[in-house]
Amino acid sequence: MLALGIDFGTSGTRACIIDAQGNELATSSVSGDSTHSPQTGWQEQTPESWWQSLTTVIKQLPQSLRADISSIAIDGTSGSVLLCDGQGKPTTPALMYHDTRATQQAEQIKAFAPKTSGAQGVSSSLAKWLWLHQSTGNNPALRPLHQADWIANRLCNQFGISDYNNVLKLGYDPVNEVWPEWLTQLKLPLKQLPKVIAPGDEMGTIDSSIAKALGLSNSVSIRAGSTDSIAAFIATGANNSGDAVTSLGSTLVTKVISEQPIFSAKYGVYSHKFGNRWLAGGASNSGGAALLKHFSIEEIRDLSSKINPEKPTGLNYYPLPEKGERFPINDPDMQTRLNPNLSNQPVRFLQGLLEGIANIEKLAYQRLHQLGAPQPKQIYTAGGGAANQPWQLIRQGLLPCPIIKSKHSEAAYGAALIAVTKP
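Count along the sequence shown from 1, then add 575; that gives the number in the numbering used here.
1) How close, in whole Å, do the beta carbons of Val-820 and Tyr-955 come, if the pair is a contact with beta carbons under 8 Å?
2) If you reduce the DSSP assignment to three classes, tell me which class Cys-731 lands in.
3) Let me confirm a value: Thr-678 is counted as buried when at least 16 other C-beta atoms fall within 10 Å, else exposed. Which label applies?
4) Quick one: residues in its chain with C-beta nearer than 7 Å to the C-beta of Thr-811, no 5 flanking neighbours on either side, listed in chain order?
5) Distance check for Asp-674 and Ser-620, CA to CA, integer angstroms please.
6) Which word fits Lys-770, buried or exposed, when buried means at least 16 other C-beta atoms lie within 10 angstroms of its C-beta?
7) May I ask you to list the residues that DSSP assigns as paired with His-721?
8) Looking at Glu-930: is its Cβ nearer than 8 Å to the Cβ of Thr-888?
9) Mapping DSSP to helix, strand and coil, what is Glu-752?
10) Can you give me the start and stop residues for the alpha helix (DSSP H) that Arg-942 sits inside?
11) Could you give the first and the last residue of the continuous alpha helix (DSSP H) run that contains Lys-787?
12) Counting pairs of beta carbons, one from the region 637-651 and one from the region 685-705, are three or more of them closer than 8 Å?
13) Could you compute how far the alpha carbon of Ile-581 sits from the alpha carbon of Ile-872?
14) With a 10 Å radius around its C-beta and 16 neighbouring C-beta atoms as the bar for buried, classify Met-576 as buried or exposed.
15) Chain B beta carbons: is any one of them nearer than 8 Å to that of Leu-917?
16) Would you call the region 825-844 in contact with the region 942-950, where contact means no fewer than 3 C-beta pairs closer than 8 Å?
17) Check this for me: beta carbons of Arg-798 and Asp-776, under 8 Å apart or not?
18) Is the region 915-926 close to the region 851-861, with three or more CB pairs under 8 Å?
19) Taking the C-alpha atoms as reference points, what is the distance between Pro-749 and Asn-741?
20) Relative to the C-alpha of Pro-977, which residue among Gly-817, Arg-876, Leu-938 and Ile-837 is closest?
21) Is it buried or exposed for Ala-595, if we count other Cβ within 10 angstroms and need 16 for buried?
22) Identify whether Lys-848 lies in helix, strand or coil by the three-state DSSP scheme.
23) Looking at the structure shown, is Gln-620 part of a helix, part of a strand, or coil, going by DSSP?
24) Are the Cβ atoms of Leu-717 and Asp-660 separated by less than 8 Å?
25) List the residues that DSSP assigns as beta-bridge partners of Gln-971.
26) By the three-class DSSP mapping on this structure, what secondary structure does Val-697 have?
27) Ignore the nearest five residues each way along the sequence and tell me which others in Ser-603's own chain have a CB closer than 6 Å to its CB.
28) Run through DSSP, which three-state label would Ala-806 get?
29) Between Lys-744 and the rest of its own chain, which residues show a CB-CB distance below 8 Å, the 5 nearest in sequence each way excluded?
30) Grab me the residues of Pro-622's own chain with a C-beta within less than 7 Å of its C-beta, minus the 5 sequence neighbours each way, in chain order.
31) Give me the Cα-Cα distance between Asn-751 and Thr-911, rounded to the nearest whole angstrom.
In C-alpha cells:
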C-alpha cells in the first residue's frame, strides 16, 4: 500500500508518493498560489486556490499509483489561518504565515499569554484568529482552521480537527496537551477550537465523491499532518536525541531533537512535540536572502567552485539581508557586518559570507545548548544551500560534529512518511 504526502509550502505545492519502505515512487508540483496584498503587511490567499493546486498535483501523478494510495497527509505553512462555517465553507480569505496586520491583537495576547507561548507575536495564528473574529462581527459560529487543517478536513469532510504542530501558534500547550485557561481572557468562541490529534493519527476516510474525482480509492485514510518545516525535518531521517537539521534556505533554521522542551521568548526559540520528544529550534535572519543581496544564484554557483575551503579568509562577517536579528543574537537594530568590504574580490567576498553564515550556525547550536538542548551529534542539511559543496566543507570545518547531506529534504516526502508510519 502506498502513502501520499502533499506539501503546501512557501513556493508552491508538491506531492510525493512513497511505499511502505519509504521509497519515493512519483512526485509532482505546481507553482505557488498567488498572494494578494490589499494593504501594507497584509498577505492573503483564497483557500479555493489551494484546493485547485491539490487537484492539479494529484492528477499529475500516475493513475496506476493513485489507485493504490491508502493514506494521505498534508503539511502547510505555519500560522496561515482562515475562518469557515460549520460545513467547512471559507468565510474569509486565508491570512498567510507572513501577514503582519494583527499588531493590536498581538498586544492583547501579550497581556495574558506566557512569554514562551507559540501564540506570541503578530504572525501567530491566534493573533490572526482574533483579528478575523473581530473583523467578522465577532460571529461565534465561525471556526479557525490552518492551511493544512482545512485541506485535510475537506478531504474527509470532517471539519474542526488539527495536529499538535499546527496548533502551537494558536495557543495550544504541547507540554500539558491542553488548550490553556488564559485563552478565556480573549473573548473568542473557544468551542470552535479544533480537536487536536497527533500527526499521523486518522482524521477520517476520504469523501467518496472527492475520491472519485481524484482517481483515488474510496477507502483512503486521511491522516493529521504537520507544518511545512516539521515535515521537512522528518524527511531528512533525523530521529534520535541530538540529531539536528540545518535548513540553508532564505533564512538559516536550526533544529535539534531534545528530551525536554526548550522555550525562549527572547530568542524566538520554541519546541514542537515530536513523538515522545521535542524539536527545539530557532531561525536566524541570515541565510540565502543575505547572499542574494550581493550575488545571483548563478554567480554563487560559479564563484563557489573557485573557493578553497581549506584556506579560511579570517573575515568576521555577519551577513543579514536587512536590519535586525532574532537568533542566535536578539537585536532588532543589528546591522549586517561586512567589514572590510571585499566586493572587488568576489571569490574571497563570497567565501567570507559563507564562513559568516557557518559561524552563525555554530553560534545557533551553542545557544540552543545554552538554553537546555543537547549538543548536536550529527547535523543533517536541507534547503537549497545543501547542494553547495564548498559551503559544506566550510561548515564541516567550523561545526563540532559530522554533517550529513540528507537523501530527502522535501516536505512532501516528510508528509508522506507521516502518512505511512502510523497504523
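Even for Gly, the Cβ is constructed at its ideal location relative to N, Cα and C.
In terms of the structure at hand:
1) Locating residue 820 in the sequence shown gives position 245, counting from the first residue. Locating residue 955 in the sequence shown gives position 380, counting from the first residue. At roughly 5 Å, the Cβ-Cβ gap stays under 8 Å, so Val-820 and Tyr-955 are in contact.
2) The residue you call residue 731 lines up with position 156 of the sequence shown. DSSP places Cys-731 in helix when its eight states are reduced to three.
3) Position 103 of the sequence shown, counted from the first residue, corresponds to residue 678. Thr-678 is exposed by the Cβ-count criterion.
4) The residue you call residue 811 lines up with position 236 of the sequence shown. Sequence-distant Cβ neighbours of Thr-811 in its own chain, meaning closer than 7 Å and more than five residues away, are Val-820, Tyr-955, Ala-957, Ser-981, His-983 and Ser-984.
5) Along the sequence shown, read from residue 1 onward, the residue named residue 620 stands at position 45. Along the sequence shown, read from residue 1 onward, the residue named residue 674 stands at position 99. The sequence shown places Gln at residue 620, not Ser. If you take the alpha carbons of Gln-620 and Asp-674, they lie about 11 Å apart.
6) For the purposes of this step, residue 770 is identified with residue 195 of the sequence shown, where counting begins at 1. Exposed, by the Cβ-count rule.
7) The residue labelled residue 721 in the question sits at position 146 within the sequence shown. According to DSSP, which records beta bridges pairwise, His-721 is partnered with Val-656.
8) Taking the sequence shown and counting its residues from 1, one reaches residue 930 at position 355. Taking the sequence shown and counting its residues from 1, one reaches residue 888 at position 313. Yes.
9) Position 177 of the sequence shown holds residue 752. If DSSP states are grouped into helix, strand and coil, Glu-752 belongs with coil.
10) Numbered from 1 along the sequence shown, position 367 holds the residue referred to as residue 942. Boundaries of the alpha helix (DSSP H) around Arg-942: 921-945.
11) For the purposes of this step, residue 787 is taken as the residue at position 212 of the sequence shown. It spans 783-789 - the alpha helix (DSSP H) in which Lys-787 sits, taken as one unbroken run.
12) Short answer: they don't touch.
13) For this step, residue 581 is matched to residue 6 along the sequence shown. For this step, residue 872 is matched to residue 297 along the sequence shown. Those two C-alpha atoms are separated by around 27 Å.
14) To locate residue 576, count along the sequence shown from 1; it is residue 1. Result: exposed.
15) Protein chain content of the structure displayed is limited to a single chain, and chain B is not contained in it.
16) Cβ pair count under 8 Å is three or more, so yes.
17) Sequence index remark: in the sequence shown, residue 798 carries index 223 (1-based). Sequence index remark: in the sequence shown, residue 776 carries index 201 (1-based). Cβ atoms of Arg-798 and Asp-776: closer than 8 Å.
18) With a cut-off of 8 Å, the region 851-861 and the region 915-926 do not count as touching, because too few Cβ pairs lie within range.
19) On the sequence shown, position 174 is the one that residue 749 refers to. On the sequence shown, position 166 is the one that residue 741 refers to. Roughly 11 Å separates the two Cα atoms.
20) Against the sequence shown, residue 977 aligns to sequence position 402. Per the Cα distances, Gly-817.
21) Looking up residue 595 in the sequence shown gives position 20. The residue in question, Ala-595, is exposed, as its Cβ has fewer than 16 Cβ neighbours within 10 Å.
22) If you number the sequence shown from 1, residue 848 lands on position 273. Strand at Lys-848.
23) Numbered from its first residue, the sequence shown carries residue 620 at position 45. Gln-620: strand per DSSP, three-state reduction.
24) If you number the sequence shown from 1, residue 717 lands on position 142. If you number the sequence shown from 1, residue 660 lands on position 85. Yes, Cβ-Cβ distance for Leu-717 and Asp-660 is below 8 Å.
25) Looking up residue 971 in the sequence shown gives position 396. Its beta-bridge partners do not exist; DSSP assigns none.
26) Position 122 of the sequence shown, counted from the first residue, corresponds to residue 697. Looking at Val-697 - three-state DSSP - the assignment turns out to be coil, as it is neither helix nor strand.
27) On the sequence shown, residue 603 is found 28 positions in, with the first residue counted as 1. Excluding sequence neighbours, Ser-603 sits near Ala-590, Val-632, Gln-635 and Leu-636.
28) By one-based count along the sequence shown, residue 806 stands at place 231. In the structure shown, Ala-806 adopts helical secondary structure according to DSSP, grouped into three states.
29) Locating residue 744 in the sequence shown gives position 169, counting from the first residue. Correct list, in chain order: Ser-653, Gly-654, Gly-693, Ala-694, Ser-698, Ser-699, Ser-700 and Leu-701.
30) One-based indexing of the sequence shown puts residue 622 at position 47. Within the same chain, Pro-622 has close Cβ partners Leu-657, Pro-665, Ala-669 and Trp-725.
31) As a working mapping, residue 751 is identified with position 176 in the sequence shown. As a working mapping, residue 911 is identified with position 336 in the sequence shown. Rounded to the nearest angstrom, the two C-alpha atoms are 40 Å apart.
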